[in-house]
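Peer 1:
2 protein chains.
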Amino acid sequence: MTKHTHVHSHSSGDGSIGSHRACVRLVPIFNHLEEQQMDEIMSVARSASFKKGETIYQAGEESTSLFIVNRGRIRIYRLSENGREQLLRILNPGDFTGELALFRSTTHESYAEAMVDTSVCLIRRDELRTLLQKYPSISIKVLQEFSKRLDETERQTARFATEKVETRLAMFLTEVAEDAEEPIEFKLPMSKKDLASYLGTTPETISRKLGQFEDEGYIRQKSGRRIEIVDLDGLLLV
Amino acid sequence: MTKHTHVHSHSSGDGSIGSHRACVRLVPIFNHLEEQQMDEIMSVARSASFKKGETIYQAGEESTSLFIVNRGRIRIYRLSENGREQLLRILNPGDFTGELALFRSTTHESYAEAMVDTSVCLIRRDELRTLLQKYPSISIKVLQEFSKRLDETERQTARFATEKVETRLAMFLTEVAEDAEEPIEFKLPMSKKDLASYLGTTPETISRKLGQFEDEGYIRQKSGRRIEIVDLDGLLLV
DNA sequence: CGAAATCTTGACCGATCTCAACTTACGTGG
DNA sequence: CCACGTAAGTTGAGATCGGTCAAGATTTCG
Numbered sequence: 000m001t002k003h004t005h006v007h008s009h010s011s012g013d014g015s016i017g018s019h020r021a022c023v024r025l026v027p028i029f030n031h032l033e034e035q036q037m038d039e040i041m042s043v044a045r046s047a048s049f050k051k052g053e054t055i056y057q058a059g060e061e062s063t064s065l066f067i068v069n070r071g072r073i074r075i076y077r078l079s080e081n082g083r084e085q086l087l088r089i090l091n092p093g094d095f096t097g098e099l100a101l102f103r104s105t106t107h108e109s110y111a112e113a114m115v116d117t118s119v120c121l122i123r124r125d126e127l128r129t130l131l132q133k134y135p136s137i138s139i140k141v142l143q144e145f146s147k148r149l150d151e152t153e154r155q156t157a158r159f160a161t162e163k164v165e166t167r168l169a170m171f172l173t174e175v176a177e178d179a180e181e182p183i184e185f186k187l188p189m190s191k192k193d194l195a196s197y198l199g200t201t202p203e204t205i206s207r208k209l210g211q212f213e214d215e216g217y218i219r220q221k222s223g224r225r226i227e228i229v230d231l232d233g234l235l236l237v
Numbered sequence: 000m001t002k003h004t005h006v007h008s009h010s011s012g013d014g015s016i017g018s019h020r021a022c023v024r025l026v027p028i029f030n031h032l033e034e035q036q037m038d039e040i041m042s043v044a045r046s047a048s049f050k051k052g053e054t055i056y057q058a059g060e061e062s063t064s065l066f067i068v069n070r071g072r073i074r075i076y077r078l079s080e081n082g083r084e085q086l087l088r089i090l091n092p093g094d095f096t097g098e099l100a101l102f103r104s105t106t107h108e109s110y111a112e113a114m115v116d117t118s119v120c121l122i123r124r125d126e127l128r129t130l131l132q133k134y135p136s137i138s139i140k141v142l143q144e145f146s147k148r149l150d151e152t153e154r155q156t157a158r159f160a161t162e163k164v165e166t167r168l169a170m171f172l173t174e175v176a177e178d179a180e181e182p183i184e185f186k187l188p189m190s191k192k193d194l195a196s197y198l199g200t201t202p203e204t205i206s207r208k209l210g211q212f213e214d215e216g217y218i219r220q221k222s223g224r225r226i227e228i229v230d231l232d233g234l235l236l237v
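Here the protein sequences line up with chains A and B, keeping their order.
Start counting the first sequence at 0; every next residue gets the next number (numbering that gives the first Met the number 0).
Start counting the second sequence at 0; every next residue gets the next number (numbering that gives the first Met the number 0).
In structure tokens, the structure reads:
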């Protein structure tokens, strides 16, 4: 269950200009901008930090800012009508959230929770809009980012609709494996509980299916959430 | 199965300036623009038409244009790795598609097929980009539209992940019912086969669940895909 | 080191898919 | 406008996947 303790830092806080810059520079959508634009963005960016487990925003809450992760990790999840939660994505430094409500409505549809101690940069709704009006190239960057996310989400939806849990898990593993080098071994990017939520299943099933993959010789499970892919091709055929 | 017969009309075709205007005006993202901007958009819009069953674009194909539906209906679907199709959405006049690839990659990720004889307006990739650079307000409109779609898709994903078929169907019915007036009766916006694909289930299950809802007194099925909602509250609790 | 959370494993059951046969609706061409 | 062929929809029986509950093992973190 989520702790609902809000502890925004004071707007200046440990956020020196230097750290704003670092934060803003991290974000793909603000890359490759001219110095002057960058300075302008930085002048409106504020920073805040959250302790592990703290809620950054909740569904129904008013959305006022774009959040850019500077340091740490954020879980974004939805609560379905029946109260079950689904993990939508996990944000790492450079990722951002809160944009949906900025363009569409004023309230959040999802929940954001710091998984570890986390610091973020904030850009207020109206300030962001002004920036977008002024610098069309930023808008286009944001559009690209949205396209990417929309595409990923549509792909994810299609998987839920057409693939069984076993296949979804296999696909997930092969995707994580893409970023690893030979021998293919990686640490699961989240707990199995979260993975279950992300894949729309239960921890029990994740446990069983991973065991099955191991029996079938596709993977090898090691301690500390580490997994070695032994037979990637086999896994792709699941 | 989809017929893959391409028959783009000649770019002028039946597309008089008048029809371009009508088409462009239909689109929410181009509403409320100044006359001059509107003229500029219209000057780069072309038209095309497709016969029922024709493929408008396919996954893997190069994306060159934004398609705006002028008349008719378009199914957008994905084919999953195992060859199963999932209906993503249905476009009606005023809706648009093809934007994903415009901002992200050059190839389509999904399939578009004319459900009935359909005419569309086209705006070429580079021309659209120029427009967005020139008129930031259009970008913001597109961002809003993207936000909306992203939100819908995320909601849909969360449903797949957390709700059973019965609930998804009940939710679908209540959402369609929102647009209807008392007595709540409407025509299903697609075939049950497509509805099954959209909801990630099979036609058999749709048939059975609707029958069950009828037995339980929530709905009444009539001929011609018409459905009357008898007990909306009951349906909401499913 | 110990409490709490995560993870695992087993047994059971229920929702939904599959396959197959059949009925109904629809679009096309005569 | 009707007849026919094809696609859509229905219904039943059986199989299966995956969820639920419960007990224990293991890990994590303060």
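The beta carbon of each residue, even a glycine, is placed where N, CA and C say it ideally should be.
Fair warning: this is a prediction, and the values are worked out from it, not measured in the lab.
(1) Can you look up Y197 of chain A in the DSSP assignment and give me helix, strand or coil?
(2) Roughly how many angstroms separate the alpha carbons of S174 of chain A and Q211 of chain A, rounded to a whole number?
(3) Would you mind telling me which residues of chain A sit closer than 8 Å to I139 of chain B, beta carbon to beta carbon, in chain order?
(4) Look at the alpha carbon of N69 of chain A and the alpha carbon of L127 of chain A, and state the distance between them as a whole number of angstroms.
(5) Take Y258 of chain B and list the residues in its own chain whose beta-carbon comes closer than 6 Å to its own, dropping the five residues that flank it on each side.
(6) I'd like to know whether the C-beta of P182 of chain A is nearer than 8 Å to at least one C-beta of chain B.
(7) What runs of the alpha helix (DSSP H), each 4 residues or longer, lie entirely inside the segment 171-231 of chain A?
(8) Any Cβ of chain B within less than 8 Å of the Cβ of L143 of chain A?
(9) Would the segment 144-155 of chain A count as touching the segment 102-111 of chain B if we require 3 or more Cβ pairs under 8 Å?
(10) According to DSSP, is S138 of chain B helix, strand or coil?
(11) Determine the DSSP secondary structure at S118 of chain A, reduced to helix, strand or coil.
(12) Applying the criterion that 16 or more other CB atoms from any shown protein chain within 10 Å of the CB defines a buried residue, is S222 of chain B buried or exposed?
(13) Roughly how many angstroms lie between the CA atoms of R225 of chain B and A176 of chain B, to the nearest whole one?
(14) Tell me the residue span of the beta strand (DSSP E) that contains V68 of chain A.
(15) Under a three-way DSSP split, which group does T54 of chain A fall into?
(16) Got a sec? Which residues, its chain only, sit under 7 Å from I183 of chain B by beta carbon, not counting five neighbours each side?
(17) Pairing CB atoms from the segment 164-171 of chain A with CB atoms from the segment 125-140 of chain A, are three or more of them under 8 Å?
(18) Residues of the segment 181-201 of chain B with a CB closer than 9 Å to any CB of chain A: list them in chain order, please.
(19) So with Cβ pairs under 8 Å, would you call L99 of chain B a contact of chain A?
(20) Is the number of C-beta pairs between the segment 70-80 of chain A and the segment 137-147 of chain A that are closer than 8 Å three or more?
(21) When the distance is taken between beta carbons, is K51 of chain B closer than 8 Å to D116 of chain B?
(22) In angstroms with no decimal places, state the Cα-to-Cα distance between E165 of chain B and S79 of chain A.
(23) List the DSSP bridge partners of A113 of chain A.
(24) Got a sec, what are the start and stop residues for the beta strand (DSSP E) A44 of chain B sits in?
(25) My output table needs one value for T161 of chain A: the three-state DSSP class, helix, strand or coil.
(26) Out of curiosity, what's the CA-to-CA distance linking Q220 of chain A and L187 of chain A?
(27) Chain B partners of R148 of chain A, CB-CB under 7 Å?
(28) Which one of A:A179, A:Q35, A:T156, A:C120 has the shortest CA to CA distance from R45 of chain A?
(29) Using a Cβ-Cβ cutoff of less than 8 Å, which residues in the same chain neighbour I205 of chain B once the five nearest sequence positions on both sides are dropped?
(30) Any beta carbon of chain A sitting closer than 8 Å to that of V229 of chain B?
(31) What residues from chain B crowd round R83 of chain A, counting only those whose CB sits closer than 7 Å?
(32) Run through DSSP, which three-state label would E60 of chain B get?
(33) Going by C-alpha distance, which of A:R158, A:I218, A:R207, A:F29 is nearest F185 of chain A?
(34) For T156 of chain A and F159 of chain B, which I take to be in contact (beta-carbon distance under 8 Å), what is that distance rounded to the nearest angstrom?
(35) Per DSSP, which residues does F145 of chain A bridge with? Please list them.
(36) For R123 of chain B and E144 of chain B, what's the separation of their Cα atoms in angstroms?
Peer 2: On the basis of the coordinates in this document:
(1) helix
(2) This sequence places Glu at residue 174 of chain A; Ser is not what is there. Their Cα atoms are separated by approximately 19 Å.
(3) F102, R128, L131, Q132, S138
(4) 18 Å
(5) Nothing in the structure corresponds to residue 258 of chain B, since chain B is present only between 0 and 237.
(6) no
(7) 191-198, 202-214
(8) Strictly speaking, residue 143 of chain A in this sequence is Gln, with Leu absent from that position. Chain B contact via Cβ: present.
(9) yes
(10) helix
(11) In the structure shown, S118 of chain A adopts extended strand secondary structure according to DSSP, grouped into three states.
(12) It is exposed - the Cβ of S222 of chain B has fewer than 16 other Cβ atoms within 10 Å.
(13) Spanning the alpha carbons of R225 of chain B and A176 of chain B requires a straight line of approximately 11 Å.
(14) From DSSP, the beta strand (DSSP E) with V68 of chain A extends over 64-70.
(15) Judged by DSSP in its simplified three-state form, T54 of chain A adopts strand.
(16) A176, E227, I228, L231
(17) no
(18) S196, Y197, L198, G199, T200
(19) yes
(20) no
(21) yes
(22) 15 Å
(23) A:I73
(24) 44-49
(25) helix
(26) Taking the straight line from one Cα to the other gives about 10 Å.
(27) L149
(28) A:C120
(29) L168, K191, L194, A195, L198
(30) no
(31) Within chain B, the residues near R83 of chain A are T161.
(32) coil
(33) A:I218
(34) 6 Å
(35) Looking at the DSSP assignment, F145 of chain A forms no beta bridge with any residue, so it has no partner.
(36) 19 Å
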